[in-house]
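Each position in the sequence shown, counted from 1, maps to that position plus 24 in our numbering. Okay, structure first, notes after.
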Amino acid sequence: MRFLLGAVLVLFSAYSGWIVFDFGYLSVFHVTLREHPSTQVFIDLLIACGLLFLVMVADYRKNGRSLLKFIPFVIVTALAGSIGPLLYFIVYPDLLKFKNGSEK
Numbered sequence: 025m026r027f028l029l030g031a032v033l034v035l036f037s038a039y040s041g042w043i044v045f046d047f048g049y050l051s052v053f054h055v056t057l058r059e060h061p062s063t064q065v066f067i068d069l070l071i072a073c074g075l076l077f078l079v080m081v082a083d084y085r086k087n088g089r090s091l092l093k094f095i096p097f098v099i100v101t102a103l104a105g106s107i108g109p110l111l112y113f114i115v116y117p118d119l120l121k122f123k124n125g126s127e128k
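Rendered as structure tokens:
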């Protein structure tokens, strides 16, 4: 799972870096807010990243991690969207381990 997340992280980060390099960081917002369908997708992504952020906060609190170790993920999520949660899930992969109903 970490390998797959790492591959997605590298590919998406490279693509995002190219977009920011060619068009600028704020261009994403200008283009997105120009038309209603694009704005809807943008709001949907904000909601999804917000929900992922809540999962990260719950995991941070549950495991008693240091705030100093958590703040970088908050900053990256705020500035780069899903790159923050991708990093968090790679660094803390236990969050992605699901238990079946028979385990206690």
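A virtual CB, placed ideally from N, CA and C, is assigned to each residue, including glycine.
Within 8 Å, strictly: CB atoms of residue i and residue j
i: Val-52; j: Ile-43; result: yes
i: Leu-57; j: Pro-109; result: no
i: Phe-113; j: Leu-103; result: no
i: Phe-97; j: Leu-78; result: no
Residue burial classification, residue i (beta-carbon count within 10 angstroms, cutoff 16)
i: Thr-63; result: exposed
i: Met-80; result: buried
Endpoints, alpha helix (DSSP H) assigned at residue i
i: Pro-117; result: Where Pro-117 is concerned, there is no enclosing alpha helix (DSSP H), given that its DSSP letter is neither H nor E.
i: Ser-37; result: 26–47
i: Leu-78; result: 60–86
Nearest candidate by alpha-carbon position, reference residue i, set the options
i: Phe-66; options: Tyr-112, Ser-106, Tyr-116 and Leu-120; result: Ser-106
i: Lys-93; options: Ile-71, Tyr-116 and Cys-73; result: Tyr-116
CB contact below 8 Å: residue i versus chain B
i: His-60; result: Absent here is chain B; the protein component of the structure consists of one chain.
Sequence-distant residues of its chain with Cβ nearer than 7 Å to residue i (five each side left out)
i: Asp-83; result: Tyr-116 and Leu-119
Cutoff 6 Å; reference residue i; Cβ partners in own chain excluding five residues on either side
i: Tyr-49; result: none
8 Å Cβ shell around residue i - same chain, five flanking residues per side excluded
i: Ser-40; result: Ala-104 and Ile-107
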